[in-house]
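S.K.: Chains as they are written, first to last, in the UniProt record's numbering: chain V, 1 to 335; chain D, 1 to 335.
Let me give you the structure first, and then I'll get to my questions.
Protein chains: 2
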Amino acid sequence: MVSSSGPDSARRVTIHDVARSAGVSRQTVSRALNGKDEIERSTKQRVLDAARELGYRPSRFARGLVRQDTTTIGLVIPDLRNPFFTEVAASALECARARGWHVVVYDTADRPAEELGTLQVIGSQVDGVVGYFSCAEDELDRYTRGMPLVLIGREHRMARFSSIRIDGQEGVREAVAHLVAKGHTMIGMLDHDNRAEPSLRREWFTAAALGHGIDPGRVAGAEQSADGGGAGLRALLAAHPEITAVFTFNDIVAVGALREARRLGRSVPADLAVIGFDGLQLGALMEPPLSSVALDTHRLGSLAVEQVGRLLTGADPLPPEDLEVRAVLRPAGSS
Amino acid sequence: MVSSSGPDSARRVTIHDVARSAGVSRQTVSRALNGKDEIERSTKQRVLDAARELGYRPSRFARGLVRQDTTTIGLVIPDLRNPFFTEVAASALECARARGWHVVVYDTADRPAEELGTLQVIGSQVDGVVGYFSCAEDELDRYTRGMPLVLIGREHRMARFSSIRIDGQEGVREAVAHLVAKGHTMIGMLDHDNRAEPSLRREWFTAAALGHGIDPGRVAGAEQSADGGGAGLRALLAAHPEITAVFTFNDIVAVGALREARRLGRSVPADLAVIGFDGLQLGALMEPPLSSVALDTHRLGSLAVEQVGRLLTGADPLPPEDLEVRAVLRPAGSS
DNA sequence: CCCCGTCCCGTGAACGTTCACGGGAACGTT
DNA sequence: AACGTTCCCGTGAACGTTCACGGGACGGGG
Chain V
1 MVSSSGPDSA RRVTIHDVAR SAGVSRQTVS RALNGKDEIE RSTKQRVLDA ARELGYRPSR
61 FARGLVRQDT TTIGLVIPDL RNPFFTEVAA SALECARARG WHVVVYDTAD RPAEELGTLQ
121 VIGSQVDGVV GYFSCAEDEL DRYTRGMPLV LIGREHRMAR FSSIRIDGQE GVREAVAHLV
181 AKGHTMIGML DHDNRAEPSL RREWFTAAAL GHGIDPGRVA GAEQSADGGG AGLRALLAAH
241 PEITAVFTFN DIVAVGALRE ARRLGRSVPA DLAVIGFDGL QLGALMEPPL SSVALDTHRL
301 GSLAVEQVGR LLTGADPLPP EDLEVRAVLR PAGSS
Chain D
1 MVSSSGPDSA RRVTIHDVAR SAGVSRQTVS RALNGKDEIE RSTKQRVLDA ARELGYRPSR
61 FARGLVRQDT TTIGLVIPDL RNPFFTEVAA SALECARARG WHVVVYDTAD RPAEELGTLQ
121 VIGSQVDGVV GYFSCAEDEL DRYTRGMPLV LIGREHRMAR FSSIRIDGQE GVREAVAHLV
181 AKGHTMIGML DHDNRAEPSL RREWFTAAAL GHGIDPGRVA GAEQSADGGG AGLRALLAAH
241 PEITAVFTFN DIVAVGALRE ARRLGRSVPA DLAVIGFDGL QLGALMEPPL SSVALDTHRL
301 GSLAVEQVGR LLTGADPLPP EDLEVRAVLR PAGSS
C-alpha cells in the first residue's frame, strides 16, 4: 500500500494530500476543517474522513503565517518550584488566557547562564517576553533584538525595557511598627546571603528600624530555602540571643525559621515573632499562620502581561509610576 | 516622515524592508541575522543597523514553516497553584528543555468546561499535548484530531491515547503496615469529597486495612484544600473519636489536618499520626515533617514528555506497563 | 429563451522566511 | 592571456495554509 511515487519518505501529510484523497480541492478541505459554510454536508464528511484516515494535522506555521491573529508571549522564571514564581506564573497565565494569548514558559533552573540561551531561542517563538532575569541589561538587550520585554521585580535603566517595581518600603515600615507595638525592641532580620549588593528589603528594614530607634544591625544571611532559613535563624540567635522578633527576606526563609523555632522549643509568637515577605499562600498553611509583608502577586503578573500587551500593539505603555506593586503588612498568628 | 507609499498601515516590517533599507537582498539580510558566513563584515553591520533601526523581528511562522526543526508541546493542568501540578509542570518543563522543546502551558482554572476550549485552540499551536483532564475521552478525541495526547494520572480506554498510571497500592499498604507497626489500630482516612466514584486511593486503603484486620470504615470526605483537610479532620474525629492515625487523599489535605491537629491540641505523632499522599516538597516544610506515600513527580513529568515525544516522532511508544509511577512510603516525623 | 440568484467548488495569489543554486568580481596560478 | 579559487551576493523556488475572486450547475421568474 505504497502511496504516491518516490521513496516513502516521512513527509508531512499536507492539505493537498487530503484534497487528493477526497477528490476535492485544498480550499474545500480548508472549509470542511474550519467549519465554514459553502460546503455540502456529504462532501464535508468525506473530507473529514479522509483527513482522519491520513492522520492529517494542519501546520500551525502555515496557518499562523497567513492569518496573523495569535499572539504568544514568553514567560521566563528562575524556578517554577519556588512558590513565589509559581504564583506569579499562575497569575500571568490567567491574564494571558483572558486575552486569548498563549504562554510559553521557560524555567532557567536558577542558572543565570541559561537566561541568554533561553532568550536566544525564544526570540523566534514569541511576540514578547515577561520574566525575572538576573543578567545584565545590555546582554538582555542584545539577545532580545527589539522584542518587548517586561522585567519583574527589578529596576531598569534602558528605555527599551519596562519593569514592574516592587515597593515594600511602606509595608516593611508597617511590619516593624507592628512588632514595636507588640513590645518588641530586639528585632533581627534574615537577609539573603548573596553578598553582591545589600538587598532593598534590608534597606527598608534598616530605615524602618532606625525610625523606631531600634538597632538595625542584628542581621544574618540565609540561603534562599526553608533549610537555609532554619540555619539562618540558628546563626542569628547564636549571635544575638536577645532577639524576640525576626523579619525575613521572604516567606520561604520565614517558613524555615518558623520550623526551626519550634525545633528549638521557642513558641511562636510568644517567644519569637516572625514576619516574612511576599505573602505567599504557603504562609497560611503554617500553624501559626505566617505574618507577611504581602505582595499582590496577581497584580504583579497582571501588570506585566498588560504592559507587554501594550508594547506589542503599540498602544501607549503604562508609565513607570503605574508599574508598581506595593507590599502591605498582612498580620497573622506568627507575630 | 511617512515611509513608503500607501496609507501608513501598521504593516509588519519584513525582511524585504530591511533589505531595501540596507541596499541588499533578502538572503543577505538572512545571512546577517542568522550569523552565517559568506557575508562581509561591513555589510553585516549595515544590515544589523538597518534591522535595529526598523525594529525588525523575523516572523516565527515563516521561519518555522521553512525549517521545521522546532517542536512545541502543550501542557494542560487544572491549577498551577496546586503544588502537585506545580511539581509535575516543573518536571515536564525540565525534560522538555533538555530536548530543546518549547512548552505552552494552559491552566484551566479547575473548570472542566475550559478543557475543550483549550484543546481546540491548542490544536493549531502545538505538536502534542500532555495534560490532566477530567472530561470524557470521546470529547478529548474529538477536539484533539489526531494529535498525540498523553494523559496524566488517569486510565485510558481508547487506543489513541497514552496515559501515565499512578500505582499507589503497594505504597498505601506500606503506610498502613507502618502505622500498625507503631501500634495503631484505629486508622481513619480523609478521602476526597467528590462522590462520583469511590477514589482509587480509598480502595487501596480499604484493601490494606482489611489485610491487617482493621476496620476500613472510618472515612470522612474532605474538600481538596488545607482548610478542607482541617474541617475534614474535625468531622472525622467527631464521628470516630477513637482514631489515632489518619491517612489522607493527598498532601494538601494532610497539611490541613496537621494544622488542625495542632489547633485541637493533639500533638503529632504522639496523639495522632498523619500520612499524606503525593510526597510534595511542601510536606518537608511542616513541623513535624509530613510522612507521605510519595510519588516521583519528576518521573511522572519525565515519562509523559518522553511518551509524547515518541508519539510525535513515530518511534515505538512505551508500552503501558512502563508508563507507570509507583508510590512508596516516605516516613517522616508525622507518623 | 434569457436572465438572475443561490449553492458549491476550484484557482491564483499572498503570507515571510530559508534553501539550493548560480554568477560576478577579485586574485592568484599556469 | 586563459583558467581556477575564493569571496560575496542575488534569484527562483519551496514550505503549507487561507483569502479573494471567479465560475459552473441548477432552479425559478420574466
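For each residue, glycine too, the CB sits at the ideal point set by N, CA and C.
Since the structure is predicted, the reported quantities are computational estimates derived from the model, not experimental observations.
#1: Please tell me whether V255 (chain D) has its Cβ less than 7 Å away from any Cβ of chain V.
#2: In terms of residues, what are the limits of the alpha helix (DSSP H) holding V305 (chain D)?
#3: Mind pulling the chain V residues with CB within less than 7 Å of G64 (chain D)?
#4: Straight-line CA distance for N194 (chain D) to E155 (chain D)?
#5: Would you list the residues sitting across from L149 (chain D) in a DSSP beta bridge?
#6: Skipping 5 residues on each side, what residues in its chain have a beta carbon closer than 6 Å to that of P58 (chain D)?
#7: To the nearest angstrom, how far is the alpha carbon of G6 (chain D) from that of Q169 (chain V)?
#8: For a cutoff of 7 Å on Cβ pairs, would you count T144 (chain V) as touching chain D?
#9: Quick check: the segment 78–94 of chain V against the segment 109–123 of chain V, are at least 3 beta-carbon pairs closer than 8 Å?
#10: Any chance you could list the alpha helix (DSSP H) runs of at least 4 consecutive residues sitting entirely within the segment 171–256 of chain D, in chain order?
#11: Would you say R160 (chain V) reaches chain D, if we count a Cβ-Cβ gap shorter than 7 Å as a contact?
#12: Taking just the CA atoms, how far does R173 (chain D) sit from P331 (chain D)?
#13: Grab me the residues of G171 (chain D)'s own chain with a C-beta within less than 6 Å of its C-beta, minus the 5 sequence neighbours each way, in chain order.
#14: DSSP three-state call for S335 (chain V): helix, strand or coil?
#15: Indicate whether P288 (chain V) and G333 (chain V) have their beta-carbon atoms separated by less than 7 Å.
#16: Is the Cβ of S292 (chain D) closer than 7 Å to any Cβ of chain V?
#17: Any C-beta of chain V within less than 9 Å: which residues of the segment 76–87 of chain D qualify?
#18: In the DSSP output, what is H16 (chain D) paired with across the bridge?
#19: Using 7 Å as the limit for Cβ to Cβ distance, is V2 (chain V) near chain D?
#20: Should R41 (chain V) be labelled buried (16 or more other beta-carbon atoms within 10 Å of its own) or exposed?
#21: Identify whether S292 (chain V) lies in helix, strand or coil by the three-state DSSP scheme.
#22: What residues from the segment 230–258 of chain D come within 7 Å of chain V, judged by C-beta to C-beta, listed N to C?
#23: What are the start and end residues of the alpha helix (DSSP H) that includes E114 (chain D)?
#24: Express the C-alpha separation of S291 (chain D) and A177 (chain D) in angstroms, rounding to a whole number.
#25: Verify whether the separation of the beta carbon atoms of A96 (chain V) and V88 (chain V) is less than 7 Å.
#26: Could you check which residue in D:I15, D:R262 and D:P83 has the C-alpha nearest to that of A270 (chain D)?
#27: Tell me the rounded alpha-carbon separation between G188 (chain V) and R234 (chain V).
#28: So is Q224 (chain D) in contact with chain V if we call contact Cβ pairs under 7 Å?
#29: Chain V beta carbons: is any one of them nearer than 7 Å to that of H298 (chain D)?
#30: Tell me whether R266 (chain V) sits in a helix, a strand or coil according to DSSP, three-state version.
#31: Counting only Cβ-Cβ distances shorter than 8 Å, please list the residues of the segment 103–136 of chain V near chain D, keeping chain order.
#32: Straight-line CA distance for P83 (chain D) to N250 (chain D)?
#33: Determine whether the Cβ of R262 (chain D) lies closer than 7 Å to any Cβ atom of chain V.
#34: DSSP state of S134 (chain V), grouped into three classes?
#35: For D107 (chain V), tell me which candidate among V:L119, V:W101 and V:A226 has the shortest Cα-Cα distance.
#36: Using alpha carbons as the reference points, say which of D:G131, D:V180 and D:D69 lies closest to T313 (chain D).
M.R.: Concretely, from the data shown:
#1: Translated into the one-based positions of the second sequence, residue 255 (chain D) becomes position 255. Any Cβ of chain V closer than 7 Å to the Cβ of V255 (chain D) would place that residue at the interface, and such an atom is present.
#2: Taking the second sequence and counting its residues from 1, one reaches residue 305 (chain D) at position 305. Residues T297 to T313.
#3: For the purposes of this step, residue 64 (chain D) is taken as the residue at position 64 of the second sequence. Close to G64 (chain D), with beta-carbon spacing below 7 Å, are these residues of chain V in chain order: F61.
#4: One-based indexing of the second sequence puts residue 194 (chain D) at position 194. One-based indexing of the second sequence puts residue 155 (chain D) at position 155. Roughly 18 Å separates the two Cα atoms.
#5: For this step, residue 149 (chain D) is matched to residue 149 along the second sequence. Answer is D:V129, bridged to L149 (chain D).
#6: Stepping through the second sequence from its first residue, residue 58 (chain D) is reached at position 58. The answer is none, since no qualifying residue turns up.
#7: Position 6 of the second sequence, counting from 1, holds the residue named residue 6 (chain D). Position 169 of the first sequence, counting from 1, holds the residue named residue 169 (chain V). Note on G6 (chain D): pLDDT 36, under 50, position unreliable in the model; no value is reported.
#8: Taking the first residue of the first sequence as 1, we reach residue 144 (chain V) at position 144. T144 (chain V) does not count as touching chain D.
#9: yes
#10: Taking 4 residues as the shortest admissible run, the segment 171–256 of chain D contains the following complete alpha helix (DSSP H) segments, listed from N- to C-terminal end: 200–211 and 226–239.
#11: Here residue 160 (chain V) is taken as the residue at index 160 of the first sequence, counted from 1. Cβ-Cβ to chain D under 7 Å: no for R160 (chain V).
#12: The count along the second sequence starts at 1 and reaches residue 331 (chain D) at position 331. The count along the second sequence starts at 1 and reaches residue 173 (chain D) at position 173. Each residue's Cα considered, the two are about 13 Å apart.
#13: Locating residue 171 (chain D) in the second sequence gives position 171, counting from the first residue. Only V293, A327, V328 and L329 meet the Cβ criterion.
#14: Mapped onto the first sequence, residue 335 (chain V) falls at position 335. If DSSP states are grouped into helix, strand and coil, S335 (chain V) belongs with coil.
#15: Locating residue 288 (chain V) in the first sequence gives position 288, where the first residue counts as 1. Locating residue 333 (chain V) in the first sequence gives position 333, where the first residue counts as 1. The answer is yes: Cβ separation under 7 Å.
#16: As a position in the second sequence, residue 292 (chain D) is number 292, starting the count at 1. No, no contact with chain V.
#17: D79, L80, R81, P83, T86 and E87
#18: By one-based count along the second sequence, residue 16 (chain D) stands at place 16. None, per the DSSP bridge assignment.
#19: The residue labelled residue 2 (chain V) in the question sits at position 2 within the first sequence. With a pLDDT of 33 at V2 (chain V), under the threshold of 50, the predicted position of this residue should be treated as unreliable, though the coordinate-derived value follows. No, no contact with chain D.
#20: Here residue 41 (chain V) refers to the residue found at position 41 when the first sequence is read from its first residue. The residue is exposed, with fewer than 16 neighbouring Cβ atoms inside 10 Å.
#21: Indexing the first sequence from 1 puts residue 292 (chain V) at position 292. Residue state, collapsed to three classes: strand.
#22: V255
#23: The residue you call residue 114 (chain D) lines up with position 114 of the second sequence. Element bounds for E114 (chain D): P112 to I122.
#24: Position 177 of the second sequence, counted from the first residue, corresponds to residue 177 (chain D). Position 291 of the second sequence, counted from the first residue, corresponds to residue 291 (chain D). Distance between the alpha carbons of A177 (chain D) and S291 (chain D) is about 13 Å.
#25: The residue labelled residue 96 (chain V) in the question sits at position 96 within the first sequence. The residue labelled residue 88 (chain V) in the question sits at position 88 within the first sequence. The answer is no: Cβ separation not under 7 Å.
#26: Translated into positions along the second sequence, residue 270 (chain D) becomes position 270. That would be D:R262, whose Cα lies nearest to the Cα of A270 (chain D).
#27: Position 188 of the first sequence holds residue 188 (chain V). Position 234 of the first sequence holds residue 234 (chain V). Distance between the alpha carbons of G188 (chain V) and R234 (chain V) is about 12 Å.
#28: By one-based count along the second sequence, residue 224 (chain D) stands at place 224. With 7 Å as the cut-off, Q224 (chain D) does not count as an interface residue toward chain V.
#29: Translated into the one-based positions of the second sequence, residue 298 (chain D) becomes position 298. Not closer than 7 Å to any Cβ of chain V, the Cβ of H298 (chain D) fails to qualify, so no.
#30: Numbered from 1 along the first sequence, position 266 holds the residue referred to as residue 266 (chain V). It is coil, neither helix nor strand.
#31: V103, V104, V105, Y106, D107, A109, V121, G123, S124, Q125 and V126
#32: Walking along the second sequence from the start, residue 83 (chain D) turns up at place 83. Walking along the second sequence from the start, residue 250 (chain D) turns up at place 250. Computed Cα separation, rounded: 11 Å.
#33: As a first step, residue 262 (chain D) must be located in the second sequence, where it is residue number 262. Interface residue, yes.
#34: The sequence position of residue 134 (chain V) within the first sequence is 134, counting from 1. Note: S134 (chain V) maps to coil in three-state DSSP.
#35: Position 107 of the first sequence, counted from the first residue, corresponds to residue 107 (chain V). Comparing Cα-Cα distances from D107 (chain V) to each of V:L119, V:W101 and V:A226, the minimum goes to V:L119.
#36: Your numbering for residue 313 (chain D) matches position 313 in the second sequence. Cα-wise, what sits closest to T313 (chain D) is D:D69.
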